[in-house]
Structures are given as structure tokens and as C-alpha cells.
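Per the working numbering, the sequence shown runs over residues -13 to 306. Just so you know, even glycine gets a beta-carbon here, dropped at the ideal spot from N, CA and C. These notes concern the structure reproduced below.
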Amino acid sequence: MNLFGISGIITGITSLLLSLIVLGHNYKNPLSRLWALFAFLVAIWGFGVYEIARTQSPEWALFWWRITHIGVILIPVISIHFTFLFLGIKKRWMVRLMYGVGIFFLILNTTPYFIANVRYVFNSFYYDSSPTNLYLLFTLFFFLSFIYTNYLLYTNYKKAGLIKQKQILYFFLAIFIGFLGGSTNFLPVFGVDIYPILNFIVPLYPIILLYAILKDRILNIKIITTELFTSLVLLIILGELFFVKDTTEFFIKGTIFLILSFFGYMIIRSVHAEVRAREKIEELAAKLEFANLRLKQLDEAKSDFLSIASHQLRTPLTAI
-13 MNLFGISGII TGITSLLLSL IVLGHNYKNP LSRLWALFAF LVAIWGFGVY EIARTQSPEW
47 ALFWWRITHI GVILIPVISI HFTFLFLGIK KRWMVRLMYG VGIFFLILNT TPYFIANVRY
107 VFNSFYYDSS PTNLYLLFTL FFFLSFIYTN YLLYTNYKKA GLIKQKQILY FFLAIFIGFL
167 GGSTNFLPVF GVDIYPILNF IVPLYPIILL YAILKDRILN IKIITTELFT SLVLLIILGE
227 LFFVKDTTEF FIKGTIFLIL SFFGYMIIRS VHAEVRAREK IEELAAKLEF ANLRLKQLDE
287 AKSDFLSIAS HQLRTPLTAI
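Right, here's the structure in full:
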């Protein structure tokens, strides 16, 4: 397995798990659903890269490049839609236009007018090459989408509140890392054979973006981080079961998997319990703060009443 494939499988697994976990936690939130779809598209790209790195057939490599481009084409579309929703921008016509462009390129992706050929690069795998004019148009669309997203974030940063500004800064960071890692994959397409080693930073894109969404809800981040780490460990061990050579090794690794599954479940359960307890404490603290405020207001009202009453009582006595 080469580094290109390793980066792909890491990106695919991480993004897919994050997508499923977030979708399971907060399905009713449109922002969460859109983010989960975005992470799923990154996962498609990652798994496609993994398959491209594995195959030694140019025909299958071309097939997997087309599968990979399903994610690549829709990532800028969903990114702009997510940005609009995140910033509260209501431009339905623009969102519809972006989806229309995305569908147009998806249809082209099934034809040789988009990806026409592959070539063997880095003495390792077959890479998309000989870009067509329509592929050049898509590349322009991809980069312009990145510029437009940053423009939206920059213009809205100035008029945002403090919490929103912090979220936008994380959004900037996520987009920069994702663009830096993902855009290097275009270089070999155009004959610039620089190894796309920066693919390893692509998984940080959805992770930082998720952190930006939940910046003011740290407890949710703790739950998701715990579930993600536990799922990754269990998935790695489960994957090893398919490569065991004898029954004894299968029994040992299977037992380890079951034990870790139990402890992983207990850890996740304890984190959920801790979060619920902290939420209750925060709720009680808020109620106590409100009660204290009301007591202060009543105390001030009582003082005002006594002051007025005392003044009213003194006035007749002074007159007498």
C-alpha cells in the first residue's frame, strides 16, 4: 500500500464515521444534516483514492476516478450551501444554480468528455490525465467556489458577534486546510507530477468544520470525539479479523474485539452520563442565578418601600 492509498482510507473512514455520528446525534438540525452530507462526500473521495491506489488496471482506475469525482464535484456545491446556511444568507437562486452546475458536471462525469484517460505515475498507480476542455471548466468552477466561500466569510466576519467571529475563523482554517490538501491532487492531472502527500491533512477539513459548528457546545464535542475514537479503534481491530491466518489468532483477536467493544460502550455511556449531569448542573446554576437576581430585585423593592413609608410617616410628624 502506498501513501496515496493510506491517506485515502484514513480520510474515508474518519469522514464517514463523523458523518454517521453527527447525523445520529442531531438529525433534525439542517446545518448538521448538510455537514453530514459534506463529510460523506469527503469520504467518497477518500475511499475512491484508496481504490485508485490499489488497482493496477487502467480501466478500473478510470472507473474509480469517476467515482471519486462524485465527491469532488459536489464538495464545492455543498460547501457554498453550508456557508449560506451557516451565515444565515438567503439566496435560494444561488443555491439552485450551484446544484444545477453540480448536476451538469455529474452527468459529464459519466462520459469521456470529462475524464478521458489515465496514466501511470510515481511508479505506483494510474492518475487522471489529459484534461478535457470541460474538465478545465470544472477546475475553474472548483477554484472560484473556494474564492467565493472565503469572500462570504470575510464580509460576514466584520458584522458578526464574538462567538460567530470565532466560528468563522475556524471555518476559514478548515477551508484553507481542505483546499491546500485537496487542490494538490489537480497538479498531476495537468502534468505537474508532485506527489499529493498533503492528502493526509484533508481529514482535518470536516473535523475543524465540525468544531466551528459546535464551538459553543463543548460537551457535544466531547461525546463525538469519544465515539469517533472508540469507533476507529474497533474498526481497525475488526478489519484485522479478515486477515488472520489461523483459528487461534482469529479467536484471540475476536475476544479482544468483544472486550474492547464492551469497554468502549461503557466509556461512551459514562461520557453521556457526565454530559447529562453537567447539563443539569448548568441548568440549575442558571435557575439559581435567576432566583438570586429576583431576590436582589425584591430586596431593592423592599428597601424602596421602607424608605418611602418612612418618609411618609415622618412628614406628618414634622408638620405637627
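**Message:** Is there a C-beta anywhere in chain B that falls below 8 Å from the one on TYR191?
**Reply:** The structure shown has no chain B; it contains just one protein chain.
**Request:** List the endpoints of the continuous beta strand (DSSP E) containing ASN103.
**Result:** The residue you call residue 103 lines up with position 117 of the sequence shown. Run containing ASN103: 103 to 107, per the beta strand (DSSP E) assignment.
**Request:** Look up ASN179 in the DSSP assignment and give the residues it is bridged to.
**Result:** Within the sequence shown, residue 179 is the residue found at index 193, counting from 1. Per the sequence presented here, residue 179 reads as Asp, with Asn not at that position. In the DSSP output, where bridge partners are listed per residue, ASP179 has none listed.
**Item:** Alpha carbon of ILE204 to alpha carbon of VAL63, nearest angstrom
**Value:** Position 218 of the sequence shown, counted from the first residue, corresponds to residue 204. Position 77 of the sequence shown, counted from the first residue, corresponds to residue 63. Note that ILE204 scores 42 on pLDDT, short of 50, meaning its location in the model is unreliable; the coordinates nonetheless yield the value given after this. One C-alpha to the other measures close to 28 Å.
**Request:** Inspect the beta-carbon positions of ILE66 and SER131 and report whether they are closer than 8 Å.
**Result:** Here residue 66 refers to the residue found at position 80 when the sequence shown is read from its first residue. Here residue 131 refers to the residue found at position 145 when the sequence shown is read from its first residue. Going by C-beta atoms, ILE66 is nearer than 8 Å to SER131.
**Prompt:** If you drop the 5 nearest sequence neighbours on each side, which residues of the same chain put their C-beta closer than 6 Å to that of PHE26?
**Reply:** Within the sequence shown, residue 26 is the residue found at index 40, counting from 1. These residues qualify, in order along the chain: SER5.
**Item:** Counterpart residues of ASP114 in DSSP-defined beta bridges
**Value:** Walking along the sequence shown from the start, residue 114 turns up at place 128. Answer is VAL104, bridged to ASP114.
**The alpha helix (DSSP H) enclosing PRO62, as first and last residue numbers** = Translated into the one-based positions of the sequence shown, residue 62 becomes position 76. It spans 44 to 73 - the alpha helix (DSSP H) in which PRO62 sits, taken as one unbroken run.
**Message:** Please classify VAL175 as buried or exposed, where buried requires at least 16 neighbouring CB atoms within 10 angstroms.
**Reply:** Position 189 of the sequence shown holds residue 175. The residue in question, VAL175, is buried, as its Cβ has 16 or more Cβ neighbours within 10 Å.
**Item:** Exposed unless 16 or more other CB atoms sit within 10 angstroms - verdict on ASN109
**Value:** One-based indexing of the sequence shown puts residue 109 at position 123. Exposed: under 16 other Cβ atoms inside 10 Å.
**Request:** Could you pull out every residue in the same chain whose Cβ sits closer than 7 Å to the Cβ of ARG40, ignoring the five residues on either side in sequence?
**Result:** In the sequence shown, the residue the question calls residue 40 occupies position 54. Excluding positions up to five away in sequence, the list reads GLY(-9).
**Prompt:** Run through DSSP, which three-state label would LYS273 get?
**Reply:** On the sequence shown, position 287 is the one that residue 273 refers to. Looking at LYS273 - three-state DSSP - the assignment turns out to be helix.
**Request:** Have a look at ILE(-4) and VAL81 and give me their C-alpha separation to the nearest angstrom.
**Result:** The residue you call residue -4 lines up with position 10 of the sequence shown. The residue you call residue 81 lines up with position 95 of the sequence shown. If I take the Cα positions, the gap works out to 31 Å.
**Item:** C-alpha distance - PHE158 paired with LEU139, whole-angstrom precision
**Value:** For the purposes of this step, residue 158 is taken as the residue at position 172 of the sequence shown. For the purposes of this step, residue 139 is taken as the residue at position 153 of the sequence shown. C-alpha separation (whole angstroms): 7 Å.
**Message:** Three Cβ pairs or more, each shorter than 8 Å: is that satisfied between the region 147 to 167 and the region 177 to 188?
**Reply:** yes
**Prompt:** Quick one, are the C-beta atoms of SER18 and LEU9 less than 8 Å apart?
**Reply:** Walking along the sequence shown from the start, residue 18 turns up at place 32. Walking along the sequence shown from the start, residue 9 turns up at place 23. Cβ atoms of SER18 and LEU9: closer than 8 Å.
**Alpha-carbon to alpha-carbon, ASN142 and THR125** = Residue numbering aside, residue 125 sits at position 139 when the sequence shown is read from its first letter. Residue numbering aside, residue 142 sits at position 156 when the sequence shown is read from its first letter. The straight-line gap from Cα to Cα measures roughly 26 Å.
**Prompt:** Pick from ILE149, GLY32, GLY168: whose alpha carbon is nearest that of TYR197?
**Reply:** Here residue 197 corresponds to residue number 211 of the sequence shown, with the count starting at 1. Looking at the Cα atoms, ILE149 is the closest of the given residues.
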